[in-house]
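Numbering (the numbering used here), first residue to last: 1 to 251.
Working notes for the structure below.
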Amino acid sequence: MRRKMVAGNWKMHGNLLENKPLLNAIVTNLNGLQEVSFLVCVPYLYLPSVQDTLRNTNIAWGAQNVSQYEKGPYTGEISALMLNDFECGYVIVGHSERRTLFGEDNRTVSEKYQAAQRAGITPILCVGETLEQREAGTTEQVIEEQIASVIKLAGIKSLANAIIAYEPLWAIGTGRTALPEQAQDIHSFIREGLAKQDANIAKDLTILYGGSVKSNNASELFDMPDIDGGLIGGASLIAADFVAICRALHQ
Numbered sequence: 001m002r003r004k005m006v007a008g009n010w011k012m013h014g015n016l017l018e019n020k021p022l023l024n025a026i027v028t029n030l031n032g033l034q035e036v037s038f039l040v041c042v043p044y045l046y047l048p049s050v051q052d053t054l055r056n057t058n059i060a061w062g063a064q065n066v067s068q069y070e071k072g073p074y075t076g077e078i079s080a081l082m083l084n085d086f087e088c089g090y091v092i093v094g095h096s097e098r099r100t101l102f103g104e105d106n107r108t109v110s111e112k113y114q115a116a117q118r119a120g121i122t123p124i125l126c127v128g129e130t131l132e133q134r135e136a137g138t139t140e141q142v143i144e145e146q147i148a149s150v151i152k153l154a155g156i157k158s159l160a161n162a163i164i165a166y167e168p169l170w171a172i173g174t175g176r177t178a179l180p181e182q183a184q185d186i187h188s189f190i191r192e193g194l195a196k197q198d199a200n201i202a203k204d205l206t207i208l209y210g211g212s213v214k215s216n217n218a219s220e221l222f223d224m225p226d227i228d229g230g231l232i233g234g235a236s237l238i239a240a241d242f243v244a245i246c247r248a249l250h251q
């Protein structure tokens with residue numbers, strides 16, 4: 001059975017003074033809701049304090065990136081085994097900002113995905129197209145290649161322990177949002193494509209939408225049959241907005 005999930009991605013935001021009241025407000029307002037999984041992915045250095053705050057709550061925590069290497073002379077990198085020290089259940093891999101700003105290609109993303117799984121961490125695999133690719137009509141080809149790279153390295157069965165997030169790059173931080181029907185079309189394309197390789201994997205796979213989900217559009221998006229929740233950016237930094245999105249999925 002597919003899990004419903006709302007995952008917050010704080011990106012490079014937060015500080016020790018503001019994080020705790022934000023988390024406390026989220027915990028208080030989502031306490032007791034069990035039908036949906038809730039998650040916040042935070043900058044590395046806040047993992048210890050987030051772990052302390054969220055332990056024994058119904059909110060999970062994770063990281064926003066991970067090295068493809070287990071250990072070694074990789075200055076500035078963080079391994080999946082290090083994330084285990086802070087009980088990270090999840091890690092985002094292949095976020096559009098990592099791909100476009102930091103040059104991560106499909107192979108690198110696939111290696112990070114595999115490194116996370118080797119350490120027992122669930123990867124949230126981000127896939128999506130740029131505006132230029134959408135206008136050129138290559139959206140499906142781009143996404144198919146991104147997923148195929150992971151399957152080639154880790155196998156189709158690995159998706160039983162993973163989550164996919166569809167991010168139309170043209171709808172992130174731009175104020176633009178894909179229409180619910182547009183998002184559904186891509187989610188359906190992903191699920192149907194995977195079903196050709198393994199019907200059970202496709203049926204049970206959680207696919208999140210990550211294109212500027214807000215409290216005022218969440219319900220419409222989450223009503224789509226193949227959208228299982230959201231990967232939330234800016235709205236995850238405002239407790240009331242994040243809680244409203246979570247409750248939209250819970251309902």
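Glycine included, each C-beta is placed from N, C-alpha and C at the ideal position.
The structure presented is a predicted model; accordingly, all values stated were derived computationally and were not measured.
Practice task
Pick out whichever of N161, Y74, E77 has its Cα sitting closest to the Cα of G89.
Solution key: Within the sequence shown, numbered from 1, the residue matching residue 89 stands at position 89. G89 has its Cα closest to that of N161, out of N161, Y74, E77.
Problem - Distance, T57 Cα to M82 Cα - result: Residue mapping note: residue 82 aligns to position 82 of the sequence shown, counting from 1. Residue mapping note: residue 57 aligns to position 57 of the sequence shown, counting from 1. Going from the Cα of M82 to the Cα of T57 covers about 22 Å.
Practice task
For W10, collect the residues of the same chain with a Cβ closer than 7 Å to its Cβ; drop the 5 residues on either side in sequence, then sort them by chain order.
Solution key: Position 10 of the sequence shown, counted from the start, is the residue given in the question as residue 10. Here the set comprises V40, C41, V42, P43, S236, L237.
Problem - Sequence-distant residues of its chain with Cβ nearer than 6 Å to H95 (five each side left out) - result: Indexing the sequence shown from 1 puts residue 95 at position 95. Excluding sequence neighbours, H95 sits near C126.
Practice task
Below 8 Å on the Cβ atoms is my guess for A171 versus G211; work out the distance and round it to an integer in Å.
Solution key: Translated into the one-based positions of the sequence shown, residue 171 becomes position 171. Translated into the one-based positions of the sequence shown, residue 211 becomes position 211. Yes, they are in contact, since the Cβ atoms of A171 and G211 sit about 3 Å apart, within 8 Å.
Exercise for the section: Can you give me the start and stop residues for the beta strand (DSSP E) that G230 sits inside? Expected result: On the sequence shown, position 230 is the one that residue 230 refers to. 229–232 is the extent of the beta strand (DSSP E) around G230.
Practice task
Name the two residues that bound the continuous alpha helix (DSSP H) containing I238.
Solution key: For this step, residue 238 is matched to residue 238 along the sequence shown. Careful: I238 lies outside any alpha helix (DSSP H) and carries neither H nor E.
Exercise for the section: Measure from the alpha carbon of A80 to the alpha carbon of each residue in Q68, A244, S215, then state which is nearest. Expected result: The count along the sequence shown starts at 1 and reaches residue 80 at position 80. It is Q68 whose Cα lies nearest to the Cα of A80.
Problem - Where D85 falls, given that 16 or more other Cβ within 10 Å makes a residue buried - result: As a working mapping, residue 85 is identified with position 85 in the sequence shown. Exposed, by the Cβ-count rule.
Problem - Exposure of D226, with buried meaning 16 or more beta-carbon neighbours within 10 Å - result: One-based indexing of the sequence shown puts residue 226 at position 226. By the neighbour-count rule (16 or more Cβ atoms within 10 Å), D226 is buried.
Exercise for the section: Pick out whichever of V109, F102, D223 has its Cα sitting closest to the Cα of V91. Expected result: The count along the sequence shown starts at 1 and reaches residue 91 at position 91. V91 has its Cα closest to that of V109, out of V109, F102, D223.
Exercise for the section: Could you check the C-alpha separation between T122 and A240 for me, to the nearest Å? Expected result: Translated into positions along the sequence shown, residue 122 becomes position 122. Translated into positions along the sequence shown, residue 240 becomes position 240. Looking at the two C-alpha atoms, the distance is approximately 27 Å.
Exercise for the section: Evaluate contact between the region 244–251 and the region 215–229, counting only Cβ atoms and requiring at least three cross-stretch pairs below 8 Å. Expected result: yes
Problem - In chain order, each beta strand (DSSP E) run of at least 3 residues that lies wholly inside the region 124–173 - result: 163–166
Handout entry: Same chain, Cβ closer than 6 Å to E129, five either side skipped, listed in chain order
Key = Here residue 129 refers to the residue found at position 129 of the sequence shown. Correct list, in chain order: T139, V142.
Handout entry: Residue environment, Y46, which counts as buried when at least 16 other CB atoms sit within 10 Å
Key = Working through the sequence shown from its first residue, we reach residue 46 at position 46. Buried.
Handout entry: Cβ neighbours of A165 in the same chain (closer than 6 Å, five flanking residues each side left out)
Key = By one-based count along the sequence shown, residue 165 stands at place 165. For A165, where only same-chain residues beyond five positions count, the Cβ hits under 6 Å are I124, C126, L208, G210, L231.
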